[in-house]
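Here's the structure we're looking at; comments come further down.
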Amino acid sequence: MEEEKELALLEEELIQHRLRAQLGSIWKTRKKIEILIVGQNLFSISFEDEEDPEQIMEGRLWFFRKQLLLFDRITEPMEWGKIRLVTSPFWIKIGPCPPKCDKKNLMHTVGSTFEGVIRSEIKGELCRRRVNLDVQKPLRRGIFVSLNKQGKTWLPFKYETLPTFCFGCGQLRHGVKECTKISSEDRTKAEEELPYSIALEAEPSIIGKESIWLGP
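First residue of the sequence shown? That's 1 in the UniProt record's numbering, and the numbers climb one at a time after it.
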């Protein structure tokens, strides 16, 4: 029993050291950062310089061991067990947009389907929105929009820097073989038979490229 506790402690110390080393080198903070494990997969990160967390929050997405890191700023005392980290910003590419459509109105319609729109970009035919996604919910594959009297048109979404997600239920953080929300029969189906696909993943744009993967 004591050996198991010592091994667990060594593992925590190793994770702390590796996380501190990798994030410190990638973030290039002005001053030191302190990283502590405060729960299962939960870390407390303290900064000496107040400007460092602003830049880090703006620069998300961040990954460690191929897993998406979720952040929140704690400004008041709070029990660690009550902290819920469930959202992360993502850039979504929208379209292709129908010809001669009003892209601003279109972006407004898309934004109304998400909570926490951060900003938008319209560059020629390129339309993107940065939104806060709830990682506990399935990814949205797109929406139907009404254009004049032409009926409804399907507007697909693509997500930049998309981590592992399930082709069966559409949620992040696990693959179809680990999914507990679909049947065992569905878990053995070919990818093209499942409701979600790699088509949801978009290449990061040169405009606003704001993510990085950390090594395993």
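From the three backbone atoms N, C-alpha and C, an ideal C-beta is built for every residue, glycine too.
What would DSSP say about residue i, mapped onto helix, strand or coil?
i              : result
glutamate 125  : coil
alanine 190    : coil
aspartate 134  : strand
lysine 177     : helix
isoleucine 15  : helix
glutamine 67   : strand
isoleucine 26  : helix
arginine 73    : coil
lysine 82      : helix
glutamate 54   : helix
isoleucine 45  : strand
isoleucine 198 : helix
serine 211     : Confidence at serine 211 is low in this model, with a pLDDT of 46, below 50, so its placement is unreliable and the value that follows should be read with caution. Three-state DSSP puts serine 211 in coil, outside helix and strand.
serine 183     : coil
Of the residues the options, which one's Cα is nearest the Cα of residue i?
i             : options                           : result
alanine 202   : Thr153, Lys158 and Arg20          : Lys158
proline 99    : Pro89, Glu193, Gly124 and Asn41   : Gly124
serine 146    : Leu19, Leu85, Glu121 and Lys103   : Lys103
aspartate 72  : Gly170, Ile83 and Phe64           : Ile83
glutamine 136 : Ser120, Met78, Glu121 and Leu172  : Leu172
lysine 66     : Glu178, Glu191 and Thr161         : Thr161
leucine 42    : Glu12, Thr29, Arg30 and Glu54     : Glu12
glycine 95    : Ser120, Phe114, Arg128 and His108 : Arg128
For the beta strand (DSSP E) that residue i lies in, which residues bound it at each end?
i             : result
glycine 142   : 142-146
glutamate 160 : 152-160
proline 89    : 87-94
glutamate 115 : It is not in any beta strand (DSSP E) - glutamate 115 carries neither H nor E in the DSSP assignment.
glycine 170   : No beta strand (DSSP E) contains glycine 170, which DSSP labels as neither H nor E.
leucine 36    : 33-39
Since residue i is in the alpha helix (DSSP H), which residue starts that stretch and which ends it?
i           : result
glycine 111 : 103-111
State buried or exposed for residue i, treating a residue as buried only when at least 16 other CB atoms are found within 10 Å of its CB.
i             : result
glycine 168   : buried
threonine 188 : exposed
valine 110    : buried
threonine 180 : exposed
lysine 93     : buried
proline 195   : exposed
isoleucine 56 : buried
isoleucine 74 : exposed
proline 89    : buried
isoleucine 33 : buried
leucine 85    : exposed
leucine 19    : buried
tryptophan 91 : buried
leucine 14    : exposed
methionine 78 : exposed
Determine the contact status of residue i and residue j, defining contact as a CB-CB distance below 9 Å.
i                 : j              : result
leucine 69        : tryptophan 80  : no
proline 163       : arginine 141   : no
isoleucine 118    : asparagine 105 : no
valine 38         : serine 46      : no
phenylalanine 165 : leucine 200    : yes
threonine 87      : glycine 116    : yes
residue 237       : tryptophan 27  : Within the shown structure, residues of the chain are numbered from 1 to 216, placing residue 237 beyond reach of any answer.
residue 289       : valine 176     : Because the chain spans 1 through 216 in this model, residue 289 falls outside it and cannot be assessed.
glycine 170       : leucine 126    : no
Any C-beta of chain B sitting closer than 9 Å to the C-beta of residue i?
i             : result
tryptophan 80 : This model lacks chain B altogether, as it is built from one protein chain only.
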